[in-house]
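Undergrad: For the sequence shown, the numbering used here assigns the number 1 to the initial residue and increments by one for each residue that follows.
For glycine and all other residues, C-beta sits at the position ideal for the given N, C-alpha and C.
Attaching a single structure in structure tokens format; questions to follow.
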Amino acid sequence: LRPRAVWVALAGLAVLTSGLIGLFHAGVEYGWWEGLTACTSVVGSGGDALEAIMNAPLIRCDVAPWDLFGISLAGWNFLFSTAAGIAIVA
Numbered sequence: 001l002r003p004r005a006v007w008v009a010l011a012g013l014a015v016l017t018s019g020l021i022g023l024f025h026a027g028v029e030y031g032w033w034e035g036l037t038a039c040t041s042v043v044g045s046g047g048d049a050l051e052a053i054m055n056a057p058l059i060r061c062d063v064a065p066w067d068l069f070g071i072s073l074a075g076w077n078f079l080f081s082t083a084a085g086i087a088i089v090a
């Protein structure tokens with residue numbers, strides 16, 4: 001194989017990996033399976049760290065914050081990345 005073909009194949013596999021991550025996250029959002037860890041929150045810097053953690057808003061990873069035509073951003077990532085990855089590798 002030529003070096004360029006190897007890099008193109010690796011790029012296609014990277015894009016396909018992004019699609020698989022999107023599929024996993026979309027599955028968590030749609031309730032098809034559980035996520036790997038609990039959902040997180042964002043904590044600002046400065047002040048009392050424990051108080052900031054306790055008062056930080058919860059960011060849910062099992063609820064889609066936005067969707068288009070009933071498909072979440074993670075779902076769109078799966079669709080586009082998988083199609084692009086297949087197009088690159090094929």
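Taking 8 Å as the threshold, find out whether the region 8-22 comes into contact with the region 53-69 through three or more Cβ pairs.
TA: Judged by Cβ distances under 8 Å, the region 8-22 makes no contact with the region 53-69, as fewer than three pairs qualify.
Undergrad: Compute the Euclidean distance between the alpha carbons of Ile86 and Asp48, then round it to the nearest angstrom.
TA: Near 49 Å, if we compare the C-alpha coordinates of Asp48 and Ile86.
Undergrad: Tell me the rounded alpha-carbon separation between Asp73 and Leu16.
TA: What sits at residue 73 in the sequence shown is Leu, not Asp. Their Cα atoms are separated by approximately 16 Å.
Undergrad: So Gly75 packs on Ala26, CB below 8 Å; how close in whole Å?
TA: Indeed, because the Cβ distance is near 4 Å, the residues count as touching under 8 Å.
Undergrad: Do you know whose CA, among Phe24, Val6, Arg4, Leu10, lies nearest Leu79's CA?
TA: For Leu79, the nearest C-alpha among the options comes from Phe24.
Undergrad: Please look up how many angstroms separate the CB atoms of Ile88 and Ala5, rounded, as I've assumed it's under 8 Å.
TA: Not confirmed; about 11 Å, so no contact.
Undergrad: Taking all protein chains shown into account, do 16 or more other C-beta atoms lie within 10 angstroms of the C-beta of Glu29, making it buried, or fewer, making it exposed?
TA: Glu29 should be labelled buried.
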